[in-house]
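*Asks:*
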Amino acid sequence: MFEPAVIHTDLELFLTGWYRNALAARPEDVCRGVVVDNREQDGPDFPERSLIIRDDGGPDTSLLTGRRTVGLSVLAGSPENPQDAADLALIVHALRTQIPSIDPDNPVSRVRGSLGPYRVPESQPRARRYMAFTLDVVGKAL
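The opening position of the sequence shown corresponds to residue 1 in full-length UniProt numbering, with each subsequent residue numbered one higher.
1. Using the Cβ count rule (16 or more neighbours within 10 Å means buried), how would you classify residue 187?
2. In terms of residue numbering, what span does the beta strand (DSSP E) encompassing residue 52 cover?
3. Does the segment 53-66 come close enough to the segment 86-93 to have 3 or more Cβ pairs within less than 8 Å?
4. Quick one, which of 116, 100, 98, 68 has its alpha-carbon nearest residue 85's?
5. Give a yes or no on contact between the segment 58-67 and the segment 75-85, applying the rule of three or more CB pairs nearer than 8 Å.
6. Helix, strand or coil for residue 89 per DSSP?
7. Applying the criterion that 16 or more other CB atoms from any shown protein chain within 10 Å of the CB defines a buried residue, is residue 15 buried or exposed?
8. Measure the alpha-carbon distance for residue 35 versus residue 113 and round it to whole angstroms.
9. Using DSSP with H/G/I as helix, E/B as strand and the rest coil, what is residue 34?
10. So, using beta-carbon positions, are residue 111 and residue 100 closer together than 9 Å?
11. Start and end of the beta strand (DSSP E) containing residue 135?
12. Indicate the three-state DSSP secondary structure (helix, strand or coil) for residue 25 in the structure shown.
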């Protein structure tokens, strides 16, 4: 039996672009100038606010669909004053419900669940909040 080749979209690339646009459209001051990437920046130019998105993978659930877990870290504020990290993390978490759509360029069909955001001890100059989402994704014919 012939089975077509199916390719899944680069989920980190999709979500970093999606969150850049979503946060830029928000009116809250804490959403301004957020660096959204798939890896943390280091060195002297550590961003004031950042959102790091990591695809932790997951199983295929059919020929066309899969379930993926993504980890999201918000770095903002400082360990002594973590309010920006807390506020930004709550907004990032709330926006998860807006990710799924029927847009053919959007691979996310459903947010199956989420954990967090949680405070994480941090040695960097920013406070950290971490959360994880479980997403149902849809591939495309290759």
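We put the CB at the ideal spot given by N, CA and C, even for glycine.
*Replies:* Once the coordinates are examined:
1. The shown model of the chain, from 1 to 142, leaves out residue 187, and the question about it has no answer.
2. 49-55 is the extent of the beta strand (DSSP E) around residue 52.
3. No, the segment 53-66 does not touch the segment 86-93.
4. Of the listed residues, the one whose Cα sits closest to residue 85 is 116.
5. In short, these stretches do not touch, since the Cβ pair count stays below three.
6. Annotated three-state conformation of residue 89 is helix, per DSSP.
7. Buried.
8. Between residue 35 and residue 113, the C-alpha separation is close to 25 Å.
9. Coil at residue 34, not helix or strand.
10. Yes, they are a contact pair.
11. Note, residue 135: beta strand (DSSP E), 127-138.
12. Coil.
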